[in-house]
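Numbering (the working numbering), first residue to last: 941 to 1360. Note that CB positions come from ideal geometry on N, CA and C, so glycine has one too. Note that the coordinates shown come from a computational prediction; the quantities given were computed from them, not determined experimentally. The structure under discussion appears below in the form of structure tokens.
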Amino acid sequence: MSAVFARSIRSLRAERFYGSYLGLTLAIVLIAAWLGWFTFAQVPVYLTSSRARLEVNQAAWKVSSPLAGQIANAAIQIGMPVQAGEVLLEFVIDDQQLELHELQATLQSSQQQIELAQREILQHEQALKELEAIGPTALDEARARQREAESKSSFAQEHLRRIQQLAQAGDATDLEQLRARANAEQMRAALDAARLAVERMQLEHRSAATERRLKIEQIQRDIAKLEGQRRVDEASIRRLEHEIARRRVVAPVSGVVGEAADIRNGSVLAERDWIATIIPSSAELRVVAEFPAASAMGRIAPNQKARVRLQGFPWSQYGSIVAVVDRVAGEMRAADDPADGPVLRAELKLQPLLNGTAIPLQHGLLGTVEVEVERLSPAMLVLRAAGARSTESKKTSLRALSNLHLQSKCAVQATVHSPW
941 MSAVFARSIR SLRAERFYGS YLGLTLAIVL IAAWLGWFTF AQVPVYLTSS
991 RARLEVNQAA WKVSSPLAGQ IANAAIQIGM PVQAGEVLLE FVIDDQQLEL
1041 HELQATLQSS QQQIELAQRE ILQHEQALKE LEAIGPTALD EARARQREAE
1091 SKSSFAQEHL RRIQQLAQAG DATDLEQLRA RANAEQMRAA LDAARLAVER
1141 MQLEHRSAAT ERRLKIEQIQ RDIAKLEGQR RVDEASIRRL EHEIARRRVV
1191 APVSGVVGEA ADIRNGSVLA ERDWIATIIP SSAELRVVAE FPAASAMGRI
1241 APNQKARVRL QGFPWSQYGS IVAVVDRVAG EMRAADDPAD GPVLRAELKL
1291 QPLLNGTAIP LQHGLLGTVE VEVERLSPAM LVLRAAGARS TESKKTSLRA
1341 LSNLHLQSKC AVQATVHSPW
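And the structure:
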């Protein structure tokens, strides 16, 4: 037994344990590396959205009915390309069209009457100018005749005076005296007639000029009335044209009809009824995401990297789309689903991929967005998770104690008020 034991001792002394030492060293190195990674490595922390949607950079236009009425012509189809200003549907406009034609005819008649009145004013003004040009000449002629009559009357008076002198001297007969007196009276009457003719001509000239001016003023008043009526008709025509234009629903932008209501000729629409949604064709796509406000407020900021995963396109097959946060809302709002609580809206820009993507990107695709909000070490993540779990357990304990205290208080009150 002693010999066997001695050989065992010698065998143990001859063994160097190189393999064991190497394995132990490798294990220590791996543990140290893992501890270093666990303590100093930085891993991204992502915040996932509650919902996300691809939208065009320009908001899709929702076309609504501007008024209530019956449809006369509708030509809206899903996927139909439209140009800005293109008529999508028309309401019945028979009454407005008839009234418009009537007003246009009235306006044309008023315009013709105004043109005729203006030509009549021109004629009266021309006649007034001719009257002012001819009047002084005729008046000068009448005054010349007056002077001639004055000269003849003076001569006749002088001739009568001399005949009377001759008659007193016996050199002239009574007949000559009578003839001279009659001639003098005749010349005096002619002078009076010439004076009256001058006065009459002055009065006639002033009366004719005044009459022409009064006619011009009367025509101008008529033109002013016609102008006022024309302006009223023009305003009514513009109102009717605006009303007719409102009864033609046109495309606000160029794009494609993304969705449309089932509208047919003869249908009746109420005011503000939805007609169609037009997606602008020249707009770029963006991602609009909603995040839980409690965890996203203050953590999401512009220029943060993100990845987008679309529903219906598994990320394991199609991959994810790279995006960057562009704008973040400064105020939270209520979600469409009250159970989701308040949400924070963010808009992201899609980043172009070198090899493109197999996903047919288009407006309306749904998905989720994961935003890289920070980078932490695994140790910090474990500590944060432990702290969150501890806080949650404390809240659960406090709620349980509060419920127990409330139940005890209710039991005491029931015992005090019990009649037994």
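A contact is defined here as three or more CB-CB pairs under 8 Å, and the segment 1216 to 1228 fails this definition with respect to the segment 1034 to 1045.
In this structure, DSSP gives E1072 a helical state, which the three-state scheme calls helix. By the Cβ neighbour-count rule, Q1048 is exposed, with fewer than 16 other Cβ atoms within 10 Å of its own. In chain order, H1099, L1100, I1103 place their CB closer than 6 Å to the CB of A1120, counting only its own chain and leaving out the 5 sequence neighbours on each side.
A1067 and R1152 have their C-alpha atoms some 8 Å from each other.
Within the same chain, S990 come within 6 Å of D1280 by CB-CB distance, once the 5 residues on both sides are set aside. A check of alpha carbon separations from A1319 across I971, G963, A1241, T979 identifies T979 as the nearest. Given a length threshold of 3 residues, each whole run of the beta strand (DSSP E) inside the segment 1232 to 1286 is given here in chain order: 1245 to 1250, 1261 to 1268. With contacts defined by Cβ atoms closer than 8 Å, L1028 and I1011 do not form a contacting pair.
Shortest Cα-Cα distance from E1157 to any of L1062, L1323, A1275 involves L1062. Residues D1173 of the same chain have their beta carbon placed closer than 6 Å to that of T1046, with the five preceding and five following residues left out of the count. In this structure, E1314 sits away from V1003, with a CB-CB distance that is not shorter than 8 Å.
Beta-carbon to beta-carbon, I1299 and F1253 are separated by about 5 Å, close enough to satisfy the 8 Å threshold. In terms of CA proximity to Q1251, G1259 leads the group G1259, R1087, E1125. CA-to-CA, the gap between E1199 and P1192 works out to about 15 Å. Distance check between A1008 and each of R1186, A1241, G1304, Q1244 places R1186 closest, using alpha-carbon atoms only. Going by C-alpha positions, Q1244 is about 52 Å away from E1181.
Of all C-beta pairs linking the segment 1228 to 1241 to the segment 1265 to 1284, three or more are shorter than 8 Å, placing the two stretches in contact.
Unbroken alpha helix (DSSP H) stretches of 4 residues or longer found wholly inside the segment 1160 to 1238: 1233 to 1236, given in chain order. The beta carbon of R1085 is closer than 6 Å to those of A1134 in its chain, skipping five residues each way along the sequence. Taking the Cβ atoms as the reference, Q982 lies roughly 6 Å from S1317, within the contact range of under 8 Å. In this structure, DSSP gives Q1291 a state outside helix and strand, which the three-state scheme calls coil.
In this structure, E1042 sits away from R1226, with a CB-CB distance that is not shorter than 8 Å. Closest in alpha carbon position to G1238, among G1270, R1212, S1207, G1168, is G1270. Annotated three-state conformation of I1054 is helix, per DSSP. A straight-line Cα-Cα distance of about 19 Å links V1197 and L1209. Rounded to whole angstroms, the gap between the alpha carbons of A1175 and I1184 is 14 Å.
When DSSP assignments are scanned along the segment 1303 to 1333, the uninterrupted stretches of beta strand (DSSP E) that are 3 or more residues long and fall wholly within it turn out to be 1306 to 1316.
In the same chain as L1306, and ignoring 5 residues on each side of it, the C-beta atoms closer than 6 Å to its own belong to R993, Q1251, in chain order.
With fewer than 16 other CB atoms across the displayed protein chains lying within 10 angstroms of its CB, E1167 is exposed. Q1291 and V1262 do touch by the CB rule: their CB atoms are close to 4 Å apart, below 8 Å.
Only residues of its own chain outside the window of five on either side were considered, and among them Y986, L987, I1240, Q1244, A1246, V1265 have a CB closer than 7 Å to the CB of V1311, listed in chain order.
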